[in-house]
Amino acid sequence: MNPKNHDAKGSARERLQAQRAKEQARARRSRQAIVAGSVVAALAIAGGIAVWASTLSSNGGSTDNETARPKQASGGDRPAVPVGAPDAPSTLTVWEDFRCPACRQFETGFRPVLHELEDSGQLKIDYHLATIIDGNTGGKGSLAAANAALCAQDAGRFREYHDVLYANQPPEPQDRFADKKYLIQLADKVKGLPSAAFAKCVNDGRYEGFVRKSNTAFTHSGYGGTPTVLLNGKDLSKEKGGRLTAADFKKLVLETNKGKQPGKPQTSQSPQSPQNSQPSASPS
Numbered sequence: 011m012n013p014k015n016h017d018a019k020g021s022a023r024e025r026l027q028a029q030r031a032k033e034q035a036r037a038r039r040s041r042q043a044i045v046a047g048s049v050v051a052a053l054a055i056a057g058g059i060a061v062w063a064s065t066l067s068s069n070g071g072s073t074d075n076e077t078a079r080p081k082q083a084s085g086g087d088r089p090a091v092p093v094g095a096p097d098a099p100s101t102l103t104v105w106e107d108f109r110c111p112a113c114r115q116f117e118t119g120f121r122p123v124l125h126e127l128e129d130s131g132q133l134k135i136d137y138h139l140a141t142i143i144d145g146n147t148g149g150k151g152s153l154a155a156a157n158a159a160l161c162a163q164d165a166g167r168f169r170e171y172h173d174v175l176y177a178n179q180p181p182e183p184q185d186r187f188a189d190k191k192y193l194i195q196l197a198d199k200v201k202g203l204p205s206a207a208f209a210k211c212v213n214d215g216r217y218e219g220f221v222r223k224s225n226t227a228f229t230h231s232g233y234g235g236t237p238t239v240l241l242n243g244k245d246l247s248k249e250k251g252g253r254l255t256a257a258d259f260k261k262l263v264l265e266t267n268k269g270k271q272p273g274k275p276q277t278s279q280s281p282q283s284p285q286n287s288q289p290s291a292s293p294s
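Mind the numbering: the sequence shown is residues 11 to 294 in the numbering used here, read in order.
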């Protein structure tokens with residue numbers, strides 16, 4: 011073969027390879043630009059804790075109720091609803107979205123233990139409500155359901171209604187929680203909750219501003235997704251290699267509280283089981 015022809019062919023191959031490399035790099039940059047708008051995380055804790063991959067959204071906008079705050083809820087930059095004894099020796103911080111399937115798995119798998127520890131004064135839970143599924147798949151169900159739960163807080167029935175919402179959570183693509191009539195109907199499953207005041211609060215979106223502020227706090231928190239669960243500030247996704255069970259959690263709380271005086275649970279947070287069949291605790 012003529013050396014010149016050989017060199018020419020070699021140069022052509024090199025140019026072709028270089029061009030392909032440029033095209034592949036361009037394609038990678040394009041994919042990265044698309045992914046940049048999404049926060050994708052993975053968390054596996056047997057029994058229910060998992061992170062849901064989502065596009066975080068602050069659900070901006072305003073309502074006539076931007077400054078309204080539910081009874082006994084904390085304000086500030088990270089508004090929350092407390093459940094359990096205020097003076098409990100341990101605090102669980104939970105960031106949740108009522109449309110989030112992984113949140114439902116966590117609540118279903120850990121609910122009996124959470125209630126037991128709350129009712130015995132061992133644990134207080136601060137619930138921070140987020141609306142990332144609304145931002146990810148569209149709709150207003152996360153916002154509407156969170157507002158309804160806060161309306162239930164005014165009646166002293168946040169915990170009970172919170173559990174009913176998860177027991178009746180629709181499939182993620184379905185935005186049934188956006189139907190305020192449905193949210194009001196679900197109140198029938200909680201003794202003492204149905205009332206004209208509750209219905210008006212739901213219909214008026216009384217606490218949507220509170221929910222938006224909570225969601226904004228979540229988007230700036232650095233957490234990857236919901237549920238995010240912290241025991242006394244410690245991320246439980248890092249416990250036992252991400253495989254913490256409900257039994258493990260109970261043991262951890264009791265060991266942490268050893269020698270400490272239990273708190274005095276508030277009587278308004280009385281146990282109330284959802285009047286509905288409970289979903290499986292196994293992650294789907």
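Idealized CB from N, CA, C, for every residue including glycine.
Which residues does DSSP pair with P92 in a beta bridge? If you number the sequence shown from 1, residue 92 lands on position 82. Per DSSP, D136.
Can we say the segment 99-109 touches the segment 129-137, given the rule of at least three CB pairs closer than 8 Å? yes
Pairwise C-alpha distance: R186 and Y192: Position 182 of the sequence shown, counting from 1, holds the residue named residue 192. Position 176 of the sequence shown, counting from 1, holds the residue named residue 186. Their backbone Cα atoms lie some 8 Å apart in a straight line.
What would DSSP say about L262, mapped onto helix, strand or coil? As a first step, residue 262 is located in the sequence shown; it is residue number 252 there, counting from the start. Reduced to three states, the DSSP call for L262 is helix.
Within 10 Å of its beta-carbon, does A159 have 16 or more other beta-carbons around it, so buried, or fewer, so exposed? Locating residue 159 in the sequence shown gives position 149, counting from the first residue. Buried, since its Cβ has 16 or more Cβ neighbours within 10 Å.
Taking the alpha carbon of I194 as the reference point, which residue from E182, V174 and P181 has its own alpha carbon closest? For the purposes of this step, residue 194 is taken as residue 184 along the sequence shown, with counting starting at 1. The shortest C-alpha separation from I194 is found at V174.
Local conformation of S100 per DSSP, three classes: As a first step, residue 100 is located in the sequence shown; it is residue number 90 there, counting from the start. Correct three-state label for S100: strand.
Buried or exposed: where does R109 fall if 16 or more other Cβ atoms within 10 Å of its Cβ makes it buried? Within the sequence shown, residue 109 is the residue found at index 99, counting from 1. Buried, since its Cβ has 16 or more Cβ neighbours within 10 Å.
Who are the Cβ neighbours of L241 in its own chain at under 6 Å, not counting the five residues just before and after it? Within the sequence shown, numbered from 1, the residue matching residue 241 stands at position 231. Taken in chain order, the residues that qualify are L102.
DSSP has R244 in a bridge; who is on the other side? For the purposes of this step, residue 244 is identified with residue 234 of the sequence shown, where counting begins at 1. What sits at residue 244 in the sequence shown is Lys, not Arg. Answer by DSSP bridge pairing, in chain order: L241.
When the Cα atoms are used, what is the spatial distance from S112 to P272? The count along the sequence shown starts at 1 and reaches residue 112 at position 102. The count along the sequence shown starts at 1 and reaches residue 272 at position 262. Residue identity check: residue 112 is Ala in the sequence provided, not Ser. The straight-line gap from Cα to Cα measures roughly 30 Å.
Distance, P275 Cα to G300 Cα: Lying outside 11 to 294, the shown extent of the chain, residue 300 is not represented and no answer is given.
Where R165 and A154 are concerned, what is the direct C-alpha to C-alpha distance, given to the nearest angstrom? The count along the sequence shown starts at 1 and reaches residue 165 at position 155. The count along the sequence shown starts at 1 and reaches residue 154 at position 144. According to the sequence shown, residue 165 is Ala rather than Arg. Their Cα atoms are separated by approximately 17 Å.
In this structure, how does DSSP classify E106 when only helix, strand and coil are distinguished? As a first step, residue 106 must be located in the sequence shown, where it is residue number 96. If DSSP states are grouped into helix, strand and coil, E106 belongs with the strands.
Let me know the secondary structure DSSP gives S231 once reduced to three states. In the sequence shown, the residue the question calls residue 231 occupies position 221. Residue state, collapsed to three classes: coil.
Using the DSSP secondary-structure output, state which residues sit across from S84 in a beta bridge. As a first step, residue 84 must be located in the sequence shown, where it is residue number 74. Per DSSP, A90.
Assigned secondary structure, Q184 (DSSP; H/G/I helix, E/B strand, else coil): Taking the first residue of the sequence shown as 1, we reach residue 184 at position 174. Q184 falls in the coil class under three-state DSSP.
Keeping to the same chain, check which residues put their C-beta closer than 6 Å to that of L246; ignore five residues upstream and five downstream. For the purposes of this step, residue 246 is taken as the residue at position 236 of the sequence shown. Correct list, in chain order: V239 and L254.
How long is the line joining the alpha carbons of P237 and D198, rounded to whole angstroms? The residue you call residue 237 lines up with position 227 of the sequence shown. The residue you call residue 198 lines up with position 188 of the sequence shown. If you take the alpha carbons of P237 and D198, they lie about 27 Å apart.
What alpha helix (DSSP H) runs, 4 residues minimum, are completely inside the segment 149-223? 151-164, 168-177, 190-196 and 206-214
Under three-state DSSP, which class holds L124? Counting from 1 along the sequence shown, the entry for residue 124 is found at position 114. Helix at L124.
Out of curiosity, what's the CA-to-CA distance linking A256 and F120? Against the sequence shown, residue 256 aligns to sequence position 246. Against the sequence shown, residue 120 aligns to sequence position 110. Rounded to the nearest angstrom, the two C-alpha atoms are 5 Å apart.
Let me confirm a value: P92 is counted as buried when at least 16 other C-beta atoms fall within 10 Å, else exposed. Which label applies? In the sequence shown, residue 92 corresponds to position 82, counting from 1. With 16 or more Cβ atoms within 10 Å of its Cβ, P92 is classed as buried.
Are there 16 or more other CB atoms within 10 angstroms of the CB of D107, so buried, or fewer, so exposed? By one-based count along the sequence shown, residue 107 stands at place 97. D107 is buried by the Cβ-count criterion.
Considering only the alpha carbon of each residue, which of R114, K201 and N225 lies closest to N157? Against the sequence shown, residue 157 aligns to sequence position 147. Closest option to N157, Cα to Cα, is N225.
Do you know offhand how far T77's Cα is from H138's? In the sequence shown, residue 77 corresponds to position 67, counting from 1. In the sequence shown, residue 138 corresponds to position 128, counting from 1. Between T77 and H138, the C-alpha separation is close to 16 Å.
Tell me where the alpha helix (DSSP H) around G145 begins and ends. Reading the sequence shown from its first residue, position 135 is the one you call residue 145. Note, G145: alpha helix (DSSP H), I142 to T147.
For K270 and W306, the rounded distance between their alpha carbons: No information on residue 306 is available, as it lies outside the stretch 11 to 294 that the chain covers here.
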